[in-house]
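Sequential numbering from 86 applies to the sequence shown in my numbering.
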Amino acid sequence: MLFSSASEPHVAYDSLESDELAHGECSQYYASVSFTATATASERGESPTVTRLARAADGTPLLGDENGFVPLSAADPSLQSVRDALPLAADGELPDPAAAPADPVPASDISFASPFAEYGKLWGIGLNYAEHASDLDEDRPTEPASFMKPSSAATGPAGPIRLPDPEITDRVTAEAELAVVFGKTCRNVDRADAEDVVAGYVPVIDMTSEDILEKNPRFLTRAKSFDSFIVFGSSIVTTDEVDDLESITVQTVLNGSVESENEVRNMMAPPMELVSFHSDVMTFEPGDLISTGTPGATVLSPGDTVTAEVDTVGSVTSDVVR
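Have a look at this one:
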């Protein structure tokens, strides 16, 4: 594909290693389609839709909605990566993709990577839905049961989830979750102000080695840290696009069958409480993430396909291999 601008029409650029793209530079992520200067969608009278931040498989940062995606730098030349745009997302001040001088490209024509080339801090929360805790015969924690995952555990929306050698672990579960993405550097955030530091939300699939965890709860970090044990959705939905966070339903789907589901309102520690609670522990920065817990897990086998389905925010699907 050729990306072009009004000043440099039909100029092709080689794929870049980083998501840091110089002003006017874009890279190829699928064939035969060009971004060209055009009338804006707002000028064409199109209605607004849910704004998303994303990144193409070649590293091009993207801004878009249901009408398609444009290069982020076309909407604002100062924004050279998804992470650059997160503070604006937290403030509700992202540029309108419909106002960018480029034709939107449908999501179905784009190969997406994770929104981030490099991952920040990754927090996870266990037993955050009361029903899930009771299913496991576990006591409801009085405070968030949190843990951290290494960045090496993260993979993008294409996956796949790679099960470890069965001699190391032979019972791995997948858990659909809603994750909160930080948009600002922050510390000691009051609960009432928590949404002000959040850029948006992304669906994730979190994995656990259940047999390792059953040996000893102190093995939680090891049970959560294998490569590919957290799969990121393809785009971040900005906070201002989610009118009623509590009503969002999260589903864990295995091979097309819903294994578990619940609403965010049934979390013991709601997302913004988690933001405030953990900000008393450490400084958060744009791109850091808290995955807020699962309504239920499902055991994985090679050949399975697992999906995290999150209302409004979207879904992420990954194949399971060994």
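Beta carbons: idealized from backbone N, C-alpha and C, even for Gly.
Per DSSP, T392 is not a residue of any alpha helix (DSSP H); the beta strand (DSSP E) it occupies stretches across T390 to V395. Rounded to the nearest angstrom, the gap between the Cα atoms of A174 and P251 is 42 Å. The closest CA to that of E178, considering only T258, L359, V283 and L298, is found on V283. DSSP, read as helix, strand or coil, puts F362 in helix.
Of the other Cβ atoms in all chains shown, fewer than 16 fall within 10 Å of the Cβ of I253; this residue is therefore exposed. For A243 and I195, the gap between their C-alpha atoms comes out near 12 Å. Ranked by Cα distance from K309, the options E216, P387, E295 and T270 are led by E295. Close CB contacts of A215 within its chain, under the 8 Å cut and outside five residues either way in sequence, are with R225, N351 and M353 (chain order). Residue pairing by DSSP places E346 opposite Q336 in a beta bridge. Nearest in C-alpha terms to R137, of all of S199, S163 and N213, is S199. Between T383 and T240, the C-beta spacing is not below 8 Å.
Per DSSP, A160 is one residue of the alpha helix (DSSP H) stretching across L157 to A160.
Under the three-state reduction of DSSP output, L305 falls in the helix class. Taking 8 Å as the cut-off, the beta carbon of V395 is found closer than this to the beta carbon of P288. Our two residues, P380 and P371, have alpha carbons roughly 27 Å apart in a direct line.
Rounded to the nearest whole angstrom, the CA to CA distance from S400 to T334 is 11 Å. Here the alpha carbon of E262 sits roughly 12 Å from the alpha carbon of L212.
Taking T392 as the centre and dropping the five residues before and after it, the same chain places the C-beta of V338, S400 and T402 closer than 6 Å to its C-beta, in chain order.
CA-CA distance, F311 to F304, rounds to 12 Å.
Inter-segment contact for the region 145-165 and the region 184-193 is present: three or more beta-carbon pairs are separated by less than 8 Å. Assignment of beta-bridge partners to I290 by DSSP yields A261 and V316. With fewer than 16 other beta carbons inside 10 angstroms of its own, G341 counts as exposed. A residue is called buried when at least 16 other Cβ atoms come within 10 angstroms of its Cβ; P191 does not meet this threshold and is exposed. Distance check between E203 and each of R168, D181, P182 and F232 places R168 closest, using alpha-carbon atoms only.
Per DSSP, the unbroken beta strand (DSSP E) holding R137 starts and ends at R137 to R140.
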